[in-house]
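Undergrad:
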């Protein structure tokens with residue numbers, strides 16, 4: 004018997020989340036015998052929570068969680084994933100761009116033996132800068148995940164619920180669901196789907212936010228920058244040694260000319276100082292990550308649930 008939990012992080016989507024639930028209410032009965040829709044309101048500050056509370060009354064399969072503040076999309080997803088009770092989990096956005104009818108295709112891939120199936124967009128429905136930033140993020144994600152499928156990741160994904168056991172005790176402040184899934188499996192697959200253009204509201208993921216997300220991703224879940232800093236230090240040392248030998252040989256055996264001093268030495272000093280500061284900056288980022296982990300900041304805090312008493316919902 005097929006059972007599915009659909010998890011949707013909600014952020015400033017009071018005008019679209021109701022339409023999404025109506026669409027799922029129409030399509031899910033044909034896909035699964037049992038299903039639920041978990042809506043996690045991520046502190047958007049609009050009327051989304053009031054809409055979620057109404058939907059949970061109108062539809063028995065809908066449950067809602069309101070977070071204390073804006074923790075981030077992946078943190079909200081983790082909240083919903085931990086609350087899911089059925090065999091398969093499907094995650095999707097609240098902006099109606101993900102084709103709900105394609106959930107069946109993702110579930111079919113899981114039935115073939117895969118553990119995670121992504122609904123990869125055929126054409127990104129964003130601006131040029133946003134698309135470029137998205138591609139860059141996926142390249143970084145590939146390094147963090149160590150999986151080729153990372154180039155085709157999407158927030159429209161389906162996976163086996165038991166995979167969450169691999170990160171059941173995870174409590175770091177930086178969350179990326181795709182990386183956490185690699186802790187449990189290597190069986191990923193991507194299904195090309197046609198994402199719809201956004202007609203309600205506008206995306207809050209700007210170019211700058213995506214670049215910052217990529218940087219946080221690679222420093223939070225990969226040691227690649229540290230290795231790069233070590234390699235840079237080695238290359239600078241070799242470069243300095245080569246220059247030293249060259250100058251010594253030039254002065255003693257070959258050209259016997261006077262090397263202009265100040266400009267050349269100042270240039271070398273600037274190169275080495277820049278390399279050192281760059282490496283120290285990378286090390287500092289990792290120390291900051293360690294500090295945040297030691298602080299033990301919560302991944303998310305739930306303010307309200309729709310299955311609480313009526314008084315708590317108001």
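In the working numbering, the protein residues as written are 4 to 317.
Glycine included, C-beta positions come from ideal geometry on N, C-alpha and C.
Keep in mind that this is a model prediction, so the values were computed, not measured.
(1) Quick one: is residue 185 buried, meaning 16 or more other Cβ sit within 10 Å of its Cβ, or exposed?
(2) So residue 11 is in the beta strand (DSSP E); what residue range does that whole segment cover?
(3) Is residue 6 near residue 117, with beta carbons less than 8 Å apart?
(4) Determine the burial state of residue 232: buried for a count of at least 16 other Cβ atoms within 10 Å of its Cβ, exposed for fewer.
(5) What would DSSP say about residue 94, mapped onto helix, strand or coil?
(6) How is residue 42 classed by DSSP in three states: helix, strand or coil?
(7) Rounded C-beta distance between residue 236 and residue 278? I'm assuming under 8 Å.
(8) Answer yes or no: do residue 30 and residue 67 have a C-beta to C-beta separation smaller than 8 Å?
(9) Where does the unbroken beta strand (DSSP E) through residue 122 begin, and where does it stop?
(10) Does the distance from the C-beta atom of residue 113 to that of residue 165 stay below 8 Å?
(11) Contact defined as beta carbons within less than 8 Å: I believe residue 80 pairs with residue 10. What is the distance between those atoms, to the nearest angstrom?
(12) Taking its Cβ as the centre, do 16 or more other Cβ atoms sit within 10 Å of residue 4, making it buried, or is it exposed?
(13) Using three-state DSSP, classify residue 24 as helix, strand or coil.
(14) At a cut of 8 Å, does the stretch 241-249 reach the stretch 279-289 through at least three beta carbon pairs?
(15) Under 8 Å between the Cβ atoms of residue 101 and residue 159?
(16) Could you check where the beta strand (DSSP E) with residue 67 kicks off and where it finishes?
(17) How about residue 16 and residue 98: are their beta carbons less than 8 Å apart?
(18) Tell whether a beta-carbon distance below 8 Å holds between residue 24 and residue 40.
(19) Mind checking whether residue 51 and residue 20 have CB atoms under 8 Å apart?
TA: For this structure:
(1) buried
(2) 6-13
(3) no
(4) buried
(5) strand
(6) strand
(7) 7 Å
(8) no
(9) 119-124
(10) no
(11) 6 Å
(12) exposed
(13) helix
(14) no
(15) yes
(16) 65-70
(17) yes
(18) yes
(19) yes
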